[in-house]
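To keep things clear, I will list the structure first and then write my remarks on it.
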Amino acid sequence: MTQSKTFFRTEGRTPADLRSTRLTPGFVATAEGSILIEAGNTRVLCNATIEQGVPGWLRNSGRGWVTAEYGMLPRATLTRSPRESERGKVGGRTHEIQRLIGRSLRAVVDMQALGERTVILDCDVLQADGGTRTAAITGACAALAIALNRMVASGALKASPLKQLVAATSIGIVEDTVLLDLAYEEDSQAEVDMNVVMTEDGGLVEVQATAEKQAFPRRRMLEMMDLAEAGITRLLALQRDVIAAEAAQRAAAK
Numbered sequence: 002m003t004q005s006k007t008f009f010r011t012e013g014r015t016p017a018d019l020r021s022t023r024l025t026p027g028f029v030a031t032a033e034g035s036i037l038i039e040a041g042n043t044r045v046l047c048n049a050t051i052e053q054g055v056p057g058w059l060r061n062s063g064r065g066w067v068t069a070e071y072g073m074l075p076r077a078t079l080t081r082s083p084r085e086s087e088r089g090k091v092g093g094r095t096h097e098i099q100r101l102i103g104r105s106l107r108a109v110v111d112m113q114a115l116g117e118r119t120v121i122l123d124c125d126v127l128q129a130d131g132g133t134r135t136a137a138i139t140g141a142c143a144a145l146a147i148a149l150n151r152m153v154a155s156g157a158l159k160a161s162p163l164k165q166l167v168a169a170t171s172i173g174i175v176e177d178t179v180l181l182d183l184a185y186e187e188d189s190q191a192e193v194d195m196n197v198v199m200t201e202d203g204g205l206v207e208v209q210a211t212a213e214k215q216a217f218p219r220r221r222m223l224e225m226m227d228l229a230e231a232g233i234t235r236l237l238a239l240q241r242d243v244i245a246a247e248a249a250q251r252a253a254a255k
């Protein structure tokens with residue numbers, strides 16, 4: 002990996018380190034699946050709801066649907082942001098992120114096996130310090146897995162329609178150094194900013210890369226992709242651990 006100099010990060014991280022990341026299951030007891038994901042100072046609450054029925058265009062198809070909603074609490078950032086309900090419409094950034102989360106989760110769900118049910122993934126940012134969309138995807142997938150596993154345990158489904166896990170991370174170039182999992186301060190000064198969404202088998206669902214100041218060579222893109230894959234592999238392991246721990250705790254409580 003090309004680095005022009007030693008780069009100092011918060012938490013004593015190296016350029017290849019994720020922020021300290023924790024997934025807490027059951028944060029909201031009333032949801033079918035609930036995860037609070039904390040990545041450094043970013044905190045996103047992800048709740049999965051499973052409802053009978055599908056949008057009109059899918060009725061009688063035997064297929065289900067997965068969709069997402071994303072929002073940021075007014076004081077998730079240093080200054081208060083008005084609620085979008087006050088503005089009377091969902092902003093462009095919010096709409097883009099909602100669609101990204103929905104696409105990411107639909108990529109790993111067998112809609113036929115889900116049946117005519119709708120999964121709604123509510124991702125609410127409690128505190129933002131960069132990487133909220135990628136944290137939302139990672140947390141929402143774990144929440145979805147828990148919700149579907151509960152349906153299997155209750156007999157409502159024969160097997161989970163979740164084909165594999167999916168997770169996401171941010172990566173960028175700051176002062177000519179490739180950094181994994183950018184905090185806001187790093188992201189705000191990045192020359193290149195990229196988000197990567199990847200499945201357990203290494204498939205890419207989405208790659209969003211933007212040069213902020215000048216074009217960057219393909220070799221740097223490959224460098225970023227390699228580091229992103231290593232980070233996502235660690236996030237997938239965290240997801241597996243928390244899903245297994247939640248299932249064990251539920252079984253012990255019976």
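My numbering puts the sequence shown at residues 2 to 255. Glycine included, every Cβ here is placed at the ideal spot set by N, Cα and C.
For the region 8 to 67, the full-length beta strand (DSSP E) segments reaching 3 residues or more read 22 to 26, 34 to 40, 43 to 53 along the chain. Our two residues, N48 and D182, have alpha carbons roughly 23 angstroms apart in a direct line. In this structure, DSSP gives G232 a helical state, which the three-state scheme calls helix. Distance from the Cα of E192 is smallest, within the candidate group R100, T178, A249, for T178. Shown here for D123: same chain residues with a beta carbon closer than 6 angstroms to its own, the five before and five after excluded, namely N48, E70 in chain order. About 7 angstroms separates the Cβ atoms of R104 and E207, confirming a contact at the 8 angstroms cut-off.
Residues E192 of the same chain have their beta carbon placed closer than 6 angstroms to that of K214, with the five preceding and five following residues left out of the count. Contact annotation, A148 with G65: C-beta distance approximately 12 angstroms; criterion of less than 8 angstroms not satisfied.
T139 is positioned such that its CB atom lies closer than 8 angstroms to that of Q240.
When the beta-carbon positions are compared, I174 and V197 stay at least 8 angstroms from each other. Between T119 and T43, the C-beta spacing is not below 8 angstroms. Residue L106 holds the alpha-carbon nearest to the alpha-carbon of A141 among Q165, M152, L106. Restricted to the region 87 to 154, the alpha helix (DSSP H) segments that are unbroken, complete and at least 4 residues in length are 93 to 107, 112 to 115, listed in chain order.
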